[in-house]
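I have placed the structure first, in the form of structure tokens, so that the comments after it can refer back to it.
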């Protein structure tokens, strides 16, 4: 194999290896993004359903009563809050609650924590303003229609990063009720990070397996090349022996041709001598010694 052929071969191998590695990276990245999209879709769906469930627990009339009676003074405030807390714990959400929107302001009416380690129980009280981003989204919903749902990411200085679903129910006088559910994204990010690590390990495994297969293939090709070289050498020796034998046969054939020519000449001379003897015997009035068949 010439140097140019070797370079061409290794060039094709390098290109194939690069394409394979790029394919593995694309496949793992696509799998991670698809998984992330599915997880976020499930979280958003759960948050929206939880916000609707909050409305079922804290009905519009109850929310109005909470607003009119200064929240915690309402007779069934603790009952509703306990129901929200149980729902938050069972659904794995960090926060459920309701708020009141009036004069471009949105403040909490009732809230319950599903994870006291992240949001301590009772930390969000009646009258506490909601984050500015929530206010803006509620204001946009109030301007666009009587009812609406929004999904947004909220970064709280004390609680961290949250994914929140907001369900707004507007009133003709410009006020409205807001039902919300929130999920802390730190846990989700850790889960996605572990999934990304698994995808990375899987991708490395595919690359290592490809390297092992390439190594095995290289050994098989090397052994096959060695056996082919030995077979080629044996074939060359056989061809050389056949050529040598051919030359010997040609020499033998030449000897046989020369011997045949000599033998033919001797036979003709013998017949000629027999004919001469018969001629002499006839001249001496004797009987011929050789007949015509022997003389021919």
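Numbering (the numbering used here), first residue to last: 4 to 299.
Each residue gets a CB set at the ideal place from its N, CA and C atoms; glycine is no exception.
Note that the structure is a prediction, hence the values are computed from the model and not measured.
In chain order, what are the residue ranges of uninterrupted beta strand (DSSP E) at least 3 long that sit wholly in the segment 147–214? Look at the segment 147–214 and you find these whole runs of beta strand (DSSP E), each 3 residues long or longer: 150–159, 163–173, 179–187.
Sufficient close CB pairs (3 or more, under 8 Å) joining the segment 134–141 to the segment 158–169: yes
Please identify the residue among 62, 190, 59 whose C-alpha is closest to the C-alpha of residue 43. As a working note, residue 43 is residue 40 in the chain shown. Minimum Cα distance to residue 43 is reached at 190.
Alpha carbons only, please: which of 124, 123, 128, 106 is nearest the one belonging to residue 112? Stepping through the chain shown from its first residue, residue 112 is reached at position 109. Checking every option, the nearest Cα to that of residue 112 belongs to 128.
Between the Cα of residue 177 and the Cα atoms of 91, 238, 150, which residue gives the shortest distance? Looking up residue 177 in the chain shown gives position 174. Per the Cα distances, 150.
Environment of residue 288 [buried if 16+ CB atoms lie within 10 Å]: Taking the chain shown and counting its residues from 1, one reaches residue 288 at position 285. That one is exposed.
For residue 109, count neighbouring Cβ atoms within 10 angstroms of its own Cβ and tell me buried if that reaches 16, exposed if not. By 1-based counting over the chain shown, the position of residue 109 is 106. Burial state of residue 109 is buried, judged by a 10 Å Cβ sphere holding 16 or more other Cβ atoms.
Starting from the C-beta of residue 282, find all residues in its chain whose C-beta is less than 7 Å away, skip the five residues before and the five after it, and write them out in chain order. Walking along the chain shown from the start, residue 282 turns up at place 279. Nothing meets the Cβ criterion.
Host alpha helix (DSSP H) of residue 87 (start-end): Here residue 87 refers to the residue found at position 84 of the chain shown. Here the alpha helix (DSSP H) through residue 87 covers 80–94.
Between the CA atoms of residue 28 and residue 379 - distance to the nearest angstrom: Nothing can be reported for residue 379, as the shown portion of the chain is limited to 4 through 299.
Those residues which DSSP pairs with residue 132 across a bridge: Here residue 132 is taken as the residue at index 129 of the chain shown, counted from 1. Paired residue(s): 110.
CA nearest to the CA of residue 199, picked from 17, 34, 24: The residue you call residue 199 lines up with position 196 of the chain shown. For the options 17, 34, 24, the alpha carbon positioned closest to that of residue 199 is the one of 34.
Would residue 84 pass as a contact of residue 117 if the rule is Cβ separation under 9 Å? Numbered from 1 along the chain shown, position 81 holds the residue referred to as residue 84. Numbered from 1 along the chain shown, position 114 holds the residue referred to as residue 117. Their beta carbons are not under 9 Å apart, which means residue 84 does not touch residue 117 by this criterion.
What are the uninterrupted segments assigned as alpha helix (DSSP H) that are 4 or more residues long and contained completely in the segment 20–70, given in chain order? none
Which residue marks the beginning of the beta strand (DSSP E) containing residue 124, and which one marks its end? Sequence index remark: in the chain shown, residue 124 carries index 121 (1-based). Where residue 124 is concerned, there is no enclosing beta strand (DSSP E), given that its DSSP letter is neither H nor E.
One question on the structure: do residue 101 and residue 182 come within less than 9 Å of each other, judged by their Cβ atoms? Position 98 of the chain shown holds residue 101. Position 179 of the chain shown holds residue 182. Their beta carbons are under 9 Å apart, which means residue 101 touches residue 182 by this criterion.
Endpoints, the beta strand (DSSP E) within which residue 287 is located: In the chain shown, counting from the first residue as 1, residue 287 sits at position 284. Per DSSP, residue 287 belongs to no beta strand (DSSP E) and is neither H nor E.
Residue 297 - DSSP class collapsed to helix/strand/coil: Numbered from 1 along the chain shown, position 294 holds the residue referred to as residue 297. Since pLDDT at residue 297 reaches only 49, below the 50 mark, its modelled position is unreliable, and no value is offered.
List, from N- to C-terminal side, the beta strand (DSSP E) runs of 3 residues or more that fit wholly inside the segment 216–258. none
Smallest Cα separation from residue 148: which of 276, 173, 105? Position 145 of the chain shown, counted from the start, is the residue given in the question as residue 148. The shortest C-alpha separation from residue 148 is found at 173.
Check whether the Cβ atoms of residue 153 and residue 96 lie closer than 9 Å to each other. Along the chain shown, read from residue 1 onward, the residue named residue 153 stands at position 150. Along the chain shown, read from residue 1 onward, the residue named residue 96 stands at position 93. Cβ atoms of residue 153 and residue 96: not closer than 9 Å.
What are the partner residues of residue 117, as DSSP defines its beta bridges? Stepping through the chain shown from its first residue, residue 117 is reached at position 114. None; residue 117 has no bridge partner.
Short check: CB of residue 98 to CB of residue 165, under 9 Å? Here residue 98 refers to the residue found at position 95 when the chain shown is read from its first residue. Here residue 165 refers to the residue found at position 162 when the chain shown is read from its first residue. Yes, the pair counts as a contact, with Cβ atoms nearer than the cut-off.
Under 9 Å between C-beta atoms of residue 159 and residue 134: Translated into positions along the chain shown, residue 159 becomes position 156. Translated into positions along the chain shown, residue 134 becomes position 131. Taking 9 Å as the Cβ cut-off, residue 159 and residue 134 qualify as a contacting pair.
Around the C-beta of residue 103, are 16 or more other C-beta atoms found within 10 angstroms, so that it is buried, or is it exposed? For the purposes of this step, residue 103 is taken as the residue at position 100 of the chain shown. By the neighbour-count rule (16 or more Cβ atoms within 10 Å), residue 103 is buried.
Within the same chain, show all residues whose beta-carbon is closer than 7 Å to that of residue 249, passing over the 5 residues directly before and after it, in chain order. Here residue 249 is taken as the residue at index 246 of the chain shown, counted from 1. Around residue 249: no qualifying Cβ.
Using a Cβ-Cβ distance under 9 Å, would residue 216 count as near chain B? Any reference to chain B falls outside this structure, which holds one protein chain only.
Cβ neighbours of residue 31 in the same chain (closer than 6 Å, five flanking residues each side left out): Start at 1 with the first residue of the chain shown, and residue 31 comes out as number 28. Once the five neighbours on either side are set aside, the close Cβ partners of residue 31 are 202, 206.
With a threshold of 6 Å on Cβ separation, who are the neighbours of residue 291 within its own chain once the five nearest residues in sequence on each side are excluded? Here residue 291 refers to the residue found at position 288 of the chain shown. The residues are 281, 284.
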